[in-house]
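Residue numbers (my numbering), protein chains in the order written: chain W, 1 to 115; chain C, 116 to 230.
One structure is given here, and the rest of the page talks about it.
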């Protein structure tokens with residue numbers, strides 16, 4: 001079974017440009033999460049999809065960030081326009097349902113560098 | 116004040132040593148307590164989880180939760196060079212009978228086990 005895959009693994013852009021990160025969750029997983037780790041800080045929750053619906057987007061930093069999950073399969077996270085402070089590693093995670101622990105399976109992350 | 120505090124280390128120990136990793140937290144609503152292991156350039160992977168207070172053992176790993184002190188620990192016995200990684204504590208409150216999936220992470224402790 002394929003794990004959570006993220007693309008690109010690393011993106012370097014200029015301030016003011018747009019970047020779109022993609023996440024393919026594990027097949028059959030209705031729940032999809034985006035997290036971010038800024039250098040020197042802890043991993044922080046951004047938002048949670050259940051299928052195509054946003055369940056919780058309380059962690060989204062501002063309106064420059066737009067997440068979508070059309071059709072309830074893969075998800076994209078767009079940053080437009082990017083700022084220097086957006087640099088970090090963006091992790092996607094998925095899980096099938098709530099369950100006992102509802103273990104989250106993380107992807108390897110997309111590293112974003114804004115110059 | 117951060118919700119979860121974790122000493123980032125680094126922590127360096129000789130092979131075979133007992134390792135103790137710890138986190139403190141402030142939110143009494145947390146019910147699920149997890150330890151993730153993250154190798155360099157990889158995503159976090161779930162190592163141990165504990166619901167509410169108590170101990171849990173899995174091979175060389177033991178997780179402890181003391182809710183009265185808001186303190187959790189991970190012990191690694193007979194540490195191996197392959198245990199060298201960053202260890203992240205994470206916590207979650209409840210959604211129904213399971214965790215919400217909205218994890219609050221500590222900063223992570225970098226562990227190096229020297230042969």
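Cβ coordinates follow ideal geometry from the N, Cα and C atoms, glycine included.
As the structure is a prediction and not an experimental result, all values here were calculated from the model.
Going by DSSP, what residue range makes up the beta strand (DSSP E) through residue i?
i              : result
residue 179(C) : 176-181
residue 88(W)  : 88-95
residue 153(W) : With chain W represented from 1 up to 115, any question about residue 153(W) goes unanswered, as that position is not in the structure.
residue 172(C) : 169-173
residue 191(C) : 186-191
residue 166(C) : 160-166
residue 111(W) : 110-114
residue 140(C) : 134-140
residue 226(C) : 224-229
residue 77(W)  : 75-79
residue 13(W)  : 10-13
residue 126(C) : 126-129
residue 202(C) : 200-207
For residue i and residue j, what's the separation of their Cα atoms in angstroms?
i              : j              : result
residue 22(W)  : residue 225(C) : 28 angstroms
residue 149(C) : residue 55(W)  : 22 angstroms
residue 172(C) : residue 178(C) : 6 angstroms
residue 48(W)  : residue 57(W)  : 6 angstroms
residue 232(C) : residue 146(C) : Summary: the structure shown does not reach residue 232(C), with chain C confined to residues 116 through 230, and so no result is reported for it.
residue 203(C) : residue 151(C) : 5 angstroms
residue 118(C) : residue 137(C) : 14 angstroms
residue 91(W)  : residue 97(W)  : 19 angstroms
residue 216(C) : residue 159(C) : 14 angstroms
residue 194(C) : residue 168(C) : 25 angstroms
residue 75(W)  : residue 131(C) : 43 angstroms
residue 59(W)  : residue 44(W)  : 8 angstroms
residue 61(W)  : residue 4(W)   : 23 angstroms
residue 161(C) : residue 201(C) : 12 angstroms
residue 66(W)  : residue 110(W) : 16 angstroms
residue 28(W)  : residue 89(W)  : 25 angstroms
From this set, the options, which residue's C-alpha is nearest residue i's C-alpha?
i              : options                           : result
residue 34(W)  : 105(W), 115(W), 28(W) and 80(W)   : 105(W)
residue 176(C) : 145(C), 188(C) and 155(C)         : 188(C)
residue 142(C) : 183(C), 230(C), 131(C) and 158(C) : 183(C)
residue 12(W)  : 86(W), 71(W) and 6(W)             : 86(W)
residue 64(W)  : 74(W), 78(W) and 51(W)            : 78(W)
residue 122(C) : 42(W), 114(W) and 7(W)            : 42(W)
residue 163(C) : 191(C), 131(C) and 130(C)         : 191(C)
residue 68(W)  : 40(W), 46(W) and 17(W)            : 46(W)
residue 103(W) : 10(W), 7(W), 31(W) and 112(W)     : 31(W)
residue 26(W)  : 72(W), 84(W), 110(W) and 112(W)   : 72(W)
residue 53(W)  : 9(W), 66(W) and 70(W)             : 70(W)
residue 84(W)  : 10(W), 9(W) and 17(W)             : 17(W)
residue 166(C) : 153(C), 135(C), 139(C) and 208(C) : 208(C)
Looking at the strands, I want to know which residues DSSP matches up with residue i.
i              : result
residue 43(W)  : 37(W)
residue 63(W)  : For residue 63(W), which the question treats as bridged, DSSP gives no partner whatsoever.
residue 120(C) : 139(C)
Please check the pair residue i and residue j, which I expect to be a contact at CB under 8 angstroms, by giving their CB distance rounded to whole angstroms.
i              : j              : result
residue 19(W)  : residue 82(W)  : 6 angstroms
residue 125(C) : residue 222(C) : About 12 angstroms; that fails the 8 angstroms criterion.
residue 114(W) : residue 15(W)  : 6 angstroms
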